[in-house]
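If you're matching positions, the sequence shown starts at 1 in the UniProt record's numbering and goes up one per residue. Written out below as structure tokens is the structure these notes cover.
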Amino acid sequence: MLALRAALVAFLGVLVWSAPVDAQRRRTPRAPAQGTLALQATQAGAEVFVDEQPVGTTPLDPITLAPGSHTVRVRMAGYTEFTDVVHVAAGQRTEVSVELFPLSQVLAVTTEPPGAHVYVDGDFMGDTPVEFDLLEGAHSLRVAHRGYADVVRQIEARAGTREELQLTLEALPPEMLSDTPDTTEWYEEPVTWIAIGGGAVAIAVAITVIAVVTTSEQGSELQSFCELPGGCFRVETPW
């Protein structure tokens with residue numbers, strides 16, 4: 001009987017001793033499998049890419065990433081682009097300071113009605129609505145739409161800024177519409193290039209036909225051709 005009591009007490013002691021150990025093992029936290037990346041950018045609204053995947057715009061909350069090297073790219077219209085390769089460690093926070101330098105001004109032009117041609121310093125920029133970059137300094141802007149009066153503005157571009165220009169075009173009176181020249185440049189019309197290409201093909205075919213006729217071994221055909229009004233001439237090509 002005493003031996004049974006001794007065995008029971010020993011068994012209970014083992015249970016009491018092992019319980020805290022098991023509880024401690026369950027409470028031991030696992031090592032974190034990921035790290036975080038925190039970007040500190042001086043400009044708000046910049047696009048952020050990590051490994052060429054968009055993750056948001058600045059200001060941005062810390063990003064959870066797998067341990068290892070990652071490529072960070074930050075871009076914003078009118079500013080230089082930031083690119084760097086950073087190393088993220090498991091369970092640690094990696095901070096990166098991003099500074100973008102102003103490079104040009106972004107100008108967005110809209111018109112009513114839309115579809116107006118926009119020129120800057122004589123260069124065609126596109127049809128409204130349109131958005132483009134301007135180098136810092138003075139520029140001449142012209143907006144033209146058939147049937148409407150041209151709009152000419154002098155613009156002072158400031159690097160690192162964005163401007164929106166909204167224009168309501170003034171319709172010309174009916175008596176002036178027939179005299180209004182089309183402001184579309186010849187090289188902007190696709191029909192122009194189709195006509196040029198067709199003309200080139202026609203010239204090539206004509207030269208080929210004449211060359212074949214003049215080099216034909218059948219003298220009677222060539223003689224008949226030369227007897228037509230206007231006579232005959234020979235075309236020699238360098239190819």
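Where is the CB? At the ideal position from N, CA and C, for every residue including glycine.
Contact set for residue i: own chain, Cβ-Cβ below 6 Å, skip 5 residues either direction
i, result
"Pro62", "Thr36, Ala38"
Contacts around residue i, its chain only, beta-carbon distance under 7 Å, and the 5 residues preceding and following it disregarded
i, result
"Thr128", "Val109, Thr110, Thr111, Pro114, Gly115, Ala116, Val118"
"Gly160", "Gly78, Tyr79, Pro102"
"Val130", "Val109, Val118"
Option in the options with minimal Cα separation from residue i
i, options, result
"Asp84", "Val50, Glu163, Glu156", "Val50"
"Leu57", "Arg73, His145, Ala90", "As written in the sequence, residue 57 is Thr, which differs from the Leu given in the question. Cα-wise, what sits closest to Thr57 is Arg73."
"Asp121", "Phe132, Arg142, Val130, Gln105", "Arg142"
"Val48", "Arg158, Leu167, Glu99, Glu131", "Glu99"
"Arg158", "Val130, Val55, Ser104", "Ser104"
"Ser140", "Phe132, Gln154, Pro54", "Gln154"
Inter-residue Cα distance where the pair is residue i and residue j
i, j, result
"Gln152", "Phe101", "According to the sequence displayed, residue 152 carries Val and not Gln. Taking the straight line joining both Cα atoms gives about 30 Å."
"Asp150", "Val96", "49 Å"
"Gly45", "Leu60", "10 Å"
"Leu169", "Ala144", "9 Å"
"Met76", "Glu175", "47 Å"
"Gln40", "Leu65", "17 Å"
"Gln92", "Leu167", "52 Å"
"His70", "Thr42", "21 Å"
"Arg146", "Leu177", "8 Å"
"Glu52", "Ala90", "21 Å"
"Val55", "Gly126", "31 Å"
"Ala33", "Phe132", "44 Å"
Run of the alpha helix (DSSP H) containing residue i, from where it starts to where it stops
i, result
"Glu175", "174-177"
Integer-rounded CB distance, given that residue j should sit under 8 Å from residue i
i, j, result
"Leu107", "Leu135", "In fact, because the Cβ distance is near 11 Å, the residues do not count as touching under 8 Å."
"Tyr148", "Leu172", "6 Å"
"Glu163", "Ala138", "So it is not a contact: roughly 14 Å between Cβ atoms."
Opening and closing residue of the beta strand (DSSP E) in which residue i lies
i, result
"Ala138", "137-144"
"Arg93", "93-98"
"Phe49", "47-50"
"Tyr79", "No beta strand (DSSP E) holds Tyr79; DSSP gives it neither H nor E."
"Asp127", "123-127"
"Gly56", "53-57"
"Glu156", "151-157"
"Gly35", "35-41"
"Thr64", "63-65"
Nonlocal neighbours in the same chain, by C-beta distance under 8 Å from residue i, ignoring five residues either side
i, result
"Gly68", "His87, Val88"
"Thr94", "Gly35, Thr36, Leu37, Ala38, Val86, His87, Val88"
"Gly81", "It is Glu, not Gly, that sits at residue 81 in the sequence shown. Here the set comprises Arg73, Val74, Arg75, Leu100."
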